[in-house]
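Student: Residue numbering for the sequence shown follows numbering that gives the first Met the number 0, starting at 0 and increasing by one per position.
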Amino acid sequence: MLKKAIILSLAMVSIVGFSSLLGKGNSFDIKAAYGYGGSITVSYCNSVVYGDWKPCLNGYQYRDVLSQSPSSCTLNSAQQAVRSQVCVTSPATPATPATPTISPATPATPATPSTSGTVDKTLSAKLSGNILLQVQQHGEAWYVYPANNKKYFLGRPADAFSIMRSLGLGTTHQFITSHTVFPASVSGKILLDVQTHGEAYYIYPKNMKAYYLGRPADAFNVMRNLGLGITDENIGKIASGNAQ
0 MLKKAIILSL AMVSIVGFSS LLGKGNSFDI KAAYGYGGSI TVSYCNSVVY
50 GDWKPCLNGY QYRDVLSQSP SSCTLNSAQQ AVRSQVCVTS PATPATPATP
100 TISPATPATP ATPSTSGTVD KTLSAKLSGN ILLQVQQHGE AWYVYPANNK
150 KYFLGRPADA FSIMRSLGLG TTHQFITSHT VFPASVSGKI LLDVQTHGEA
200 YYIYPKNMKA YYLGRPADAF NVMRNLGLGI TDENIGKIAS GNAQ
């Protein structure tokens, strides 16, 4: 009896080594191989569904089997092999400049006189940092620069983009990305991300959120969408600045 038990154990271990020789659902005959006992049937899987790869561990990744068909089947050597792989680190993709290089634009001429003669400092301070649109003309856009409370004519998209960038305040990438609502100290200012590609962001005074200016046309649209209507009389009470 002891001899038969030892031979039967060896036969069961050998089944794994014969997995490549057995078809799906074939029987391995212990009696034919060793001269004892009956037979054991090993049913291999027709299909296997795997889970996501787990984090790297000692240079390898592993994944679990989510389901298999038939449900009680045994994975063959190929199906077992694809449960692990060597960790591969993809090289970083070089960043693409976010904004194009533009040539200095010739400032357009405002439709109305820049200043009426009397500067209203209270009004200028109240509108500091805002984009103003002349509603009694053709919607000409002006930017009231917070550093001096003077207005700058934005003109065409390229003019607006150039002026806004020339009046921008350089800051770190961490400062820009760490805020959802910005502090009052940068209200109405244009922030330039000097640690990346100089991307420009307008801090809207009404909600203190940043609006990406992007390309000249994008910046022009953002400023018009956030613009505040103003009469010819009041726009004339704000001193004009020169961005050159």
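Each residue gets a CB set at the ideal place from its N, CA and C atoms; glycine is no exception.
Predicted model only: the values in this text are computed from it and were never measured.
(1) For residue 61, which residues of its own chain have a beta-carbon under 8 Å away from its beta-carbon, when the five flanking residues on both sides are left out?
(2) What are the start and end residues of the beta strand (DSSP E) that includes residue 130?
(3) Spatial neighbours of residue 219 within its chain, please: CB distance less than 6 Å, with the 5 preceding and 5 following residues excluded, ordered by chain position.
(4) Please report the straight-line C-alpha distance between residue 178 and residue 127, rounded to a whole angstrom.
(5) Is it buried or exposed, residue 120, if we count other Cβ atoms within 10 angstroms and call 16 or more buried?
(6) Count the C-beta pairs between the stretch 138-153 and the stretch 205-216 that are closer than 8 Å, then say yes if the count reaches three, no if not.
(7) State the CB to CB distance for the pair residue 229 and residue 136, rounded to an integer number of angstroms; the pair is presumed to be in contact (CB under 8 Å).
(8) Mind listing, in chain order, the continuous alpha helix (DSSP H) runs of no fewer than 4 residues lying wholly within the stretch 166-211?
(9) Leaving aside the five residues before and after residue 123 along the sequence, list all residues of the same chain whose C-beta is less than 6 Å from its C-beta, in chain order.
(10) So, is residue 131 buried or exposed, given that buried needs 16 or more other C-beta atoms within 10 angstroms?
(11) Exposed or buried, residue 185, counting other C-beta atoms within 10 Å across all chains shown (16 or more means buried)?
(12) Helix, strand or coil for residue 5 per DSSP?
(13) Taking C-alpha atoms, which residue in 217, 173, 166 and 140 lies nearest to residue 227?
(14) Within this structure, are the beta carbons of residue 162 and residue 242 separated by less than 9 Å?
(15) Can you name the start and end residues of the alpha helix (DSSP H) that residue 78 belongs to?
(16) Given a cut-off of 9 Å on the beta-carbon distance, is the pair residue 73 and residue 48 in contact?
(17) Tell me the rounded alpha-carbon separation between residue 69 and residue 79.
(18) Can you have a look at residue 191 and say buried or exposed, based on whether 16 or more other CB atoms are within 10 angstroms of its CB?
(19) Check this for me: beta carbons of residue 166 and residue 142, under 9 Å apart or not?
Tutor: Checking against the coordinates, here is how it stands:
(1) 52, 53, 82 and 83
(2) 130-133
(3) 156 and 159
(4) 22 Å
(5) exposed
(6) no
(7) Here residue 229 is actually not in contact with residue 136; their C-beta atoms are around 10 Å apart, not less than 8 Å.
(8) 172-176
(9) 148 and 237
(10) buried
(11) Buried: at least 16 other Cβ atoms inside 10 Å.
(12) In this predicted model, residue 5 has a pLDDT of only 43, less than 50, meaning its place in the structure is not dependable; the value taken from the coordinates is given anyway. Helix, per DSSP.
(13) 140
(14) Closer than 9 Å, so yes.
(15) 76-80
(16) no
(17) Residue 69 and residue 79: Cα-Cα distance of roughly 16 Å.
(18) buried
(19) Judged by beta-carbon spacing, residue 142 lies within the 9 Å limit of residue 166, meaning their Cβ atoms are closer than that value.
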